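Protein chains in written order, with the numbering used here: chain B, 182 to 430; chain E, 182 to 430.
Virtual Cβ for every residue (Gly too), placed ideally from N, Cα, C.
Treat the numbers as computed from the prediction; the structure is a model and nothing was measured.
Below you'll find the structure, written out as structure tokens, and then a few comments.
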DNA sequence: GAGTGGTCTAGACCACTGA
DNA sequence: CAGTGGTCTAGACCACTCA
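Written as structure tokens, this is what we have:
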């Protein structure tokens, strides 16, 4: 024991066969992804879905419970079941891990933003499944709290998925809501890689620190409901007054 | 909309009253915490628990399902329900977020370790709920992969919770299993704060880098099943070949 | 008060494990 | 084969929301 081993990730949905409630769940995901019920919109009640799909209410319930546990829907007693949307709460708690050292959690404001279109490099093409020669939008943002630039953020989006992306002016603070409302694309899951790196000269100017100072670099890949990659994001963050909060449970 | 707001954490177990299955769940947690079923040990079957507690099997099931979703128990079809233990899998995937840039996930080996007892400082006393003058164990470890020191780790434990902690020699690689087997203390949840900082001189020597180089500092607080703080841990990690992986879902 | 999700129950059957 | 958890059903009642 205690000998190092390599192991592969284990988050398998388990069974070798296919229970009814999972089929129901998949069909519901398809219909949500197809836009049958838009973000924030209400699904039919458990009773109605059960009748429509020809299964018992308990089976629909189990499917909906799983969707709720994956944050794809929100259930509200007495009101109904709704497709999750990127409101402030969700964006702040699910997708923004930077926290003030005092423990206060705030949504930063955008104090600078530019957008440009350019050819994707090979790394981006691979991550976004793009053909050679495809274009991407590149967004550069400064996000600030209490008048101080906290994060320099570079976002990369496939141009073909986001036509006329520069039409939206100004860029809203909550871009995930823009993806959702403007393009029907919901980021439901993200994976982040964190590294401590030396600050680059241009970022240092933005952050008000010196070149070479240690900064936290966060590389995020955002995935949609179908598992498709929607967004690449690199955040450079000065962690002298804030930190990245990670809950292991 | 889109105006910054402060908000407090929202992970409340919800209802204003107290459903039966939550009472069952709490009683089961108490019994697990009391050691009635040791880590790795099997709980009675759903049927038996239902009879013993005077509730239906479905209610016991719901309680056990919640415990399983919180990783307090593991359910195995055809075998039974077991109290979670810190086997390699769990320690690696739930509590070790450092990943090789190639994506491979390995358990590092301990290449250096010291233990000492000393007075707790005020910060430690506060975090561990200790009286003035209380003692703590301080563990210093180097953890390596492929012959290279990856992490310098400083662990702080309340001496009163870990009597004769220096008795265990050598210090096992998986210390959470030691807490569990030797002291009946299971770390079930941890919260980590991440910052990019300049490497200190002594850590630089251990990591084979230069003083001032950017390193990732991870401050962890480990909690037991009852919510009590068990461990404080500071990890200093050079992230040129590895990164910290965070899954947002 | 009608409609929603949340709880609790009871029972049947299925899939998996290990002796 | 007996015993375990996993699925599926049906029905009763509770708590909550909103018109």
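Whether residue i touches residue j by CB criterion (8 Å)
i	j	result
residue 245 of chain B	residue 228 of chain B	no
residue 309 of chain E	residue 288 of chain E	no
residue 423 of chain B	residue 388 of chain B	no
residue 276 of chain B	residue 357 of chain B	yes
residue 401 of chain E	residue 371 of chain E	yes
residue 241 of chain E	residue 231 of chain E	yes
residue 337 of chain E	residue 317 of chain E	yes
residue 414 of chain E	residue 405 of chain E	no
residue 296 of chain E	residue 345 of chain E	no
Option nearest residue i by Cα separation, candidates the options
i	options	result
residue 222 of chain B	B/260, B/348, B/247	B/260
residue 417 of chain E	E/379, E/231, E/347	E/379
residue 314 of chain E	E/300, E/391, E/207	E/300
residue 211 of chain B	B/382, B/348, B/408, B/231	B/408
residue 321 of chain E	E/327, E/353, E/203, E/306	E/353
residue 383 of chain E	E/323, E/363, E/348, E/369	E/323
residue 226 of chain E	E/255, E/251, E/215	E/255
residue 298 of chain E	E/341, E/271, E/258, E/266	E/341
residue 375 of chain E	E/304, E/279, E/339, E/325	E/279
residue 304 of chain E	E/328, E/239, E/327, E/339	E/339
Exposure of residue i, with buried meaning 16 or more beta-carbon neighbours within 10 Å
i	result
residue 200 of chain E	exposed
residue 355 of chain B	buried
residue 430 of chain B	exposed
residue 198 of chain B	exposed
residue 411 of chain B	buried
residue 398 of chain B	buried
residue 361 of chain B	buried
residue 427 of chain E	buried
residue 182 of chain E	Low local confidence applies: a pLDDT of 34 at residue 182 of chain E is under 50, so the model's placement there is unreliable, with the coordinate-based value given in what follows. That one is exposed.
residue 206 of chain B	buried
residue 365 of chain B	exposed
residue 373 of chain E	buried
Residue i: contacting residues in chain B (beta-carbon distance under 8 Å)
i	result
residue 420 of chain E	375, 376, 377, 378
Contact set between residue i and chain B, taken where Cβ atoms lie within less than 7 Å
i	result
residue 357 of chain E	Going along chain B, no residue has its Cβ under 7 Å from residue 357 of chain E, so there is no contact; the nearest lies around 12 Å.
residue 257 of chain E	Neighbours of residue 257 of chain E on chain B: none; closest Cβ ~11 Å, over 7 Å.
Within chain E, partners of residue i - CB distance below 8 Å
i	result
residue 251 of chain B	430
residue 276 of chain B	429
residue 397 of chain B	375, 376, 377, 397
Where the alpha helix (DSSP H) containing residue i begins and where it ends
i	result
residue 239 of chain E	238 to 250
residue 210 of chain B	201 to 214
residue 358 of chain B	356 to 364
residue 466 of chain E	Outside the displayed span of chain E (182 to 430) sits residue 466 of chain E, for which this structure offers no information.
residue 181 of chain B	Given a span of 182 to 430 for chain B in the structure shown, any question on residue 181 of chain B remains unanswerable.
residue 273 of chain B	269 to 276
Within chain E, partners of residue i - CB distance below 7 Å
i	result
residue 424 of chain B	374, 375, 376
residue 330 of chain B	Near residue 330 of chain B there are no residues of chain E at all, since even the closest Cβ is about 14 Å away, more than 7 Å.
residue 371 of chain B	429
Enclosing beta strand (DSSP E) for residue i [first to last residue]
i	result
residue 229 of chain B	No beta strand (DSSP E) holds residue 229 of chain B; the alpha helix (DSSP H) holding it covers 227 to 234.
residue 428 of chain E	423 to 429
residue 319 of chain B	316 to 326
residue 403 of chain B	395 to 405
The ligand FMN heavy atom lying under 7 Å from the CB of residue i
i	result
residue 422 of chain B	Ligands in the displayed structure: none, and consequently the ligand FMN is not present.
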